[in-house]
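Counting with my numbering, you get residues 51 to 241 for the letters of the sequence shown.
Cβ coordinates follow ideal geometry from the N, Cα and C atoms, glycine included.
Source: prediction; values computed, not measured.
First the structure, in the form of structure tokens, and then the observations on it.
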Amino acid sequence: MKVLSKDEMIKKNKVQRVLTEREILLTTDHPFIVSMYYSFQSRNKLVFIMQYCAGGEFLKLIQSQPYRCLTEEQAKFYICEVILAIEYLHMCGYVYRDLKPENILVHECGHILLTDFDLSKVTTPGTPKVVSSLPGLVVAEPELVTNSFVGTEEYLAPEVINGTGHNAAVDWWALGILLYEMLVCLGGGGR
Numbered sequence: 051m052k053v054l055s056k057d058e059m060i061k062k063n064k065v066q067r068v069l070t071e072r073e074i075l076l077t078t079d080h081p082f083i084v085s086m087y088y089s090f091q092s093r094n095k096l097v098f099i100m101q102y103c104a105g106g107e108f109l110k111l112i113q114s115q116p117y118r119c120l121t122e123e124q125a126k127f128y129i130c131e132v133i134l135a136i137e138y139l140h141m142c143g144y145v146y147r148d149l150k151p152e153n154i155l156v157h158e159c160g161h162i163l164l165t166d167f168d169l170s171k172v173t174t175p176g177t178p179k180v181v182s183s184l185p186g187l188v189v190a191e192p193e194l195v196t197n198s199f200v201g202t203e204e205y206l207a208p209e210v211i212n213g214t215g216h217n218a219a220v221d222w223w224a225l226g227i228l229l230y231e232m233l234v235c236l237g238g239g240g241r
């Protein structure tokens, strides 16, 4: 459950971000993206009732491992699930823009779910392109270039930092950093 103060959303200019997050949660249906079952509001609060993930944050899973990193086999398993979720979001016309272990939840069955879409950007869905001779293998990147400076410092792509405009490629940059952290160590970044 996510409970948001309406006053705080207005004060911090986050109304559009919350509406974007709600739209994504309502319109996506993917095994590696958290589901929202219901949303409602009171006079002061906005409430999202979402899928419960008993495993908690992916960050805690990584930190609990020997040497604070995953084995290669574990990393392959989880990174493939993240790739599938990101590709699905892109095909739906969403750029995630805040991929990090804290925004990945672990379901009790061991699979991951992306969550926290308030920094995501809604755009026109990409045109699927065939990338292989294998039937049904396509990719689609949203048609978007934006100059907003959002994301988590350690995961920002160079084009975000430089302010030259960025697109869905920022999610793939963050994925590379996430994979590095899975395999090498989660010691930096004040965590």
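First through last residue of the beta strand (DSSP E) which encompasses residue i
{"i": "Y88", "result": "M86 to Q91"}
{"i": "K52", "result": "K52 to S55"}
{"i": "L96", "result": "K95 to M100"}
Euclidean distance between Cα positions of residue i and residue j
{"i": "L164", "j": "I154", "result": "5 Å"}
{"i": "L120", "j": "F82", "result": "19 Å"}
{"i": "Y128", "j": "S89", "result": "29 Å"}
{"i": "D57", "j": "E122", "result": "45 Å"}
{"i": "S92", "j": "T78", "result": "25 Å"}
{"i": "L225", "j": "Q115", "result": "20 Å"}
Beta-carbon gap between residue i and residue j smaller than 8 Å
{"i": "G105", "j": "E158", "result": "yes"}
{"i": "L54", "j": "K95", "result": "yes"}
{"i": "V172", "j": "Y146", "result": "no"}
{"i": "L134", "j": "D148", "result": "no"}
Contacts around residue i, its chain only, beta-carbon distance under 8 Å, and the 5 residues preceding and following it disregarded
{"i": "I112", "result": "R118, C119, L120, P151, E231, M232 and L236"}
{"i": "M100", "result": "M51, K52, L75, V84, S85, M86, Y87 and T165"}
Sequence-distant residues of its chain with Cβ nearer than 7 Å to residue i (five each side left out)
{"i": "V156", "result": "C103, G105, G106, F108, L111 and I162"}
Range covered by the alpha helix (DSSP H) that runs through residue i
{"i": "I129", "result": "E122 to C142"}
{"i": "I227", "result": "A219 to L233"}
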